[in-house]
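Visitor: Dumping the structure here so I can ask a few things about it.
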Amino acid sequence: MRIAVAADELTGVAQALPDELRQRGHEPILHGAYVQHERPDWAWASERAARDVAEGRAEQAIVACWTGTGASIAANKVPGVRAALCGDAQTAAGARRWNDANVLALSLRITSDAQLAEILDAWLAARVSDDAADAANVEHVRQLERDG
């Protein structure tokens, strides 16, 4: 799977993230601090990764900044993106399953290498729920996005 990856600085798990994805058989598309010619700031880098998802260049994205909050906020401004800030494997699995999240947001400050591995495994293994109530909630979010 092609996964867009953005970070505003190459600190903490940002350094390990592309290789962690490659080890799991995925192709990272790098943005922000990973690419010399791109603006690394969290708002710009996260937007680029989110647009890769929204425009079909990537199936999913992972965005990261110091707290993960700014990266999540910026990604969620791109229509069609549902970014979730996840600090543990259970939250990551739930975000994929119940919210059909397509962008994972991470904190570079608090995510350890061990947590990163657990979060990625849970995120990538989770499948979107086929429960009618879950689907209705995701559709309502899409409608909110269209209606403003």
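Here the numbering used here is used: the first residue of the sequence shown is 322, the next is one more, and so on.
No residue lacks a Cβ here, since even glycine has one placed at the ideal position from N, Cα and C.
This structure is a prediction, so every number in the text was calculated from the model and none was measured.
Could you have a look at Gly353 and say whether DSSP puts it in helix, strand or coil?
Guide: Translated into positions along the sequence shown, residue 353 becomes position 32. Looking at Gly353 - three-state DSSP - the assignment turns out to be strand.
Visitor: Using only alpha-carbon positions, find the residue among Arg448, Cys407, Thr432 that is nearest to Val334.
Guide: Reading the sequence shown from its first residue, position 13 is the one you call residue 334. When each option's Cα is compared against that of Val334, the closest is Thr432.
Visitor: Rounded to whole angstroms, what's the CA-CA distance from Ile350 to Cys386? Just pull it up for me.
Guide: One-based indexing of the sequence shown puts residue 350 at position 29. One-based indexing of the sequence shown puts residue 386 at position 65. Answer to the nearest angstrom: the Cα atoms are 17 Å apart.
Visitor: I'd like to check one pair, Ala366 with Glu373: are the Cβ atoms closer than 8 Å?
Guide: Within the sequence shown, the letter at position 52 stands for residue 373. Within the sequence shown, the letter at position 45 stands for residue 366. The amino acid at residue 373 is misidentified as Glu; the sequence shows Asp. No. Outside cutoff.
Visitor: Would you call Glu460 buried or exposed, if buried means 16 or more other Cβ atoms sit within 10 Å of its Cβ?
Guide: Here residue 460 corresponds to residue number 139 of the sequence shown, with the count starting at 1. With fewer than 16 other Cβ atoms within 10 Å, it is exposed.
Visitor: I'd like the list of long-range same chain contacts for Ala426, defined as Cβ closer than 6 Å, with 5 residues on each side in sequence excluded.
Guide: The sequence position of residue 426 within the sequence shown is 105, counting from 1. Excluding sequence neighbours, Ala426 sits near Val384, Gly389, Ala392, Ser393, Ala404, Leu406.
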